[in-house]
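Numbering (the numbering used here), first residue to last: 3 to 77. Written out below as structure tokens is the structure these notes cover.
Here is the structure:
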């Protein structure tokens, strides 16, 4: 018989994210756990506040470029 696995986020300590952000008082995460934080906001407003060389992964969900302006950068 198959066994269902699940993650238990109860009783986990909170991730101390404020020390990694500039202007942390202006930003409030949507969800926070010991594993990380989740923001529900415009990534263009959140990303400039993250200190350099901190994040391992940043996932930004579309829609992008809603104003019709597109800028391309050559790497």
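Every residue gets a Cβ at the ideal spot worked out from N, C-alpha and C, and that includes glycine. For clarity, every value in this text was computed on a predicted model and none was experimentally measured.
- Distance from the CA of residue 47 to the CA of residue 39, rounded to the nearest whole angstrom, comes to 16 Å.
- When beta bridges are read from the DSSP output, residue 40 appears opposite 33.
- According to DSSP, residue 52 shares a beta bridge with 23.
- Distance from the Cα of residue 61 is smallest, within the candidate group 5, 35, 32 and 45, for 45.
- With a beta-carbon spacing of about 19 Å, residue 24 and residue 32 fall beyond the 8 Å limit used to define contacts.
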